[in-house]
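Data first, discussion second: the structure below is written as C-alpha cells.
Listed below in C-alpha cells is the structure:
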C-alpha cells in the first residue's frame, strides 16, 4: 500500500524519550481481538535502527561486550543468601546469562534456563571438565527474585529440586543499586515495572568468560545452540 501516517500507542511509554522526529524504527505491532476482529493496536519492542540526529546521546550508555574484555567484579546475592562476586570464578570457565523467574516468554528466559540445564548435564558427564567450569544465571529482578525464589527456580531447572546443592550452577541477583551498572556493562536492556511482570521487556545476554576473567564470546540473542556453546566451554577449559 502507499505510504501513510498512523497513530499508535506505545506499550512502554518511556521509550518515547529516546526517539526523535525522523528516526527509523522497528517495532512489533500488538493487537487485541474480539468478535469484530483486531483492536487496540500498539507498538512494542521499539528499536531505533536509524537516527535522524546521530549526535544525540542516549540517557544511558550501554557497553557491548567484546572478546578480550575483562569482566568487572560485580557482587551478587545468590540462592543461598550468600554474597558472591564474579572474580571468585577466576580459574574456571564461567558461562553467564540473564533471566528473571517470572518471564512468560518461552523463547527468552525459560529458553536460556533450558539451554543451561542441557549444558550443565553434559558437563556433569566429565568430572574433570565439570570441576573446571561454572554456570551463573543472573536475575535483573532483584525485588522479586529473592534467594528463596531463586533457590526454588534453580532447583526446578537443574531437576534436583530441594536436593540441589548449587555447587556448579548459581542463581543470583545484584542489589537494586548495583543493577543498572550490571545491565549496562552486559548490554541488558530492561524496561517495565517489577510489580507487573507482564510489563517487563528485556534483551538477552549470554557470555562465555575464560579462566582469566575475560570475555571469550557474547551472545545477544536466543538463537545460540547449547552444543556450540558447550564446545566453546570445553575448548576454553583445556
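Numbering (my numbering), first residue to last: 182 to 419.
Where is the CB? At the ideal position from N, CA and C, for every residue including glycine.
On a predicted model such as this, the values are computed, not experimentally measured, just so you know.
Exercise. Output yes or no for whether 7 angstroms exceeds the beta carbon distance between residue 418 and residue 302.
Key: no
Exercise. Indicate whether residue 274 and residue 410 have their beta-carbon atoms separated by less than 7 angstroms.
Key: no
Quiz prompt | Minimum Cβ-Cβ distance from residue 258 to chain B less than 7 angstroms | solution = In the structure shown, chain B does not exist; there is a single protein chain.
Practice problem: Check the C-beta distance from residue 396 over to residue 253 and give it rounded, since I have them as a contact under 8 angstroms. | Solution: Not quite, the Cβ-Cβ distance comes to about 11 angstroms (not below 8 angstroms), so this is no contact.
Quiz item: Leaving out the 5 sequence neighbours to the left and right, which residues in its chain are closer than 8 angstroms to residue 353 when beta-carbon positions are compared?
Solution: 257, 258, 259, 260, 265, 317, 318, 319, 320, 331
Practice problem: Put residue 381 into one of helix, strand or coil per three-state DSSP. | Solution: coil
Quiz item: Can we say the region 188-208 touches the region 226-233, given the rule of at least three CB pairs closer than 8 angstroms?
Solution: yes
Self-check item: Opening and closing residue of the alpha helix (DSSP H) in which residue 315 lies
Solution: Per DSSP, residue 315 belongs to no alpha helix (DSSP H); it is in the beta strand (DSSP E), 314-320.
Quiz item: Taking Cβ positions, are residue 405 and residue 388 nearer each other than 7 angstroms?
Solution: no
Quiz item: Taking just the CA atoms, how far does residue 249 sit from residue 393?
Solution: 10 angstroms
Exercise. Tell me whether residue 306 is buried or exposed, calling it buried when 16 or more other Cβ atoms sit within 10 Å of its Cβ.
Key: exposed
Exercise. Consult DSSP for residue 259 and reduce its assignment to one of helix, strand or coil.
Key: strand
Quiz item: Can you list, in chain order, the stretches of the beta strand (DSSP E) that have 3 or more residues and sit fully within the region 185-234?
Solution: 205-215, 218-231
Exercise. Compute the Euclidean distance between the alpha carbons of residue 291 and residue 298, then round it to the nearest angstrom.
Key: 10 angstroms
Quiz item: Hey, out of 241, 240, 202, whose CA is closest to residue 234's CA?
Solution: 202
Quiz item: Do you know offhand how far residue 199's Cα is from residue 341's?
Solution: 44 angstroms
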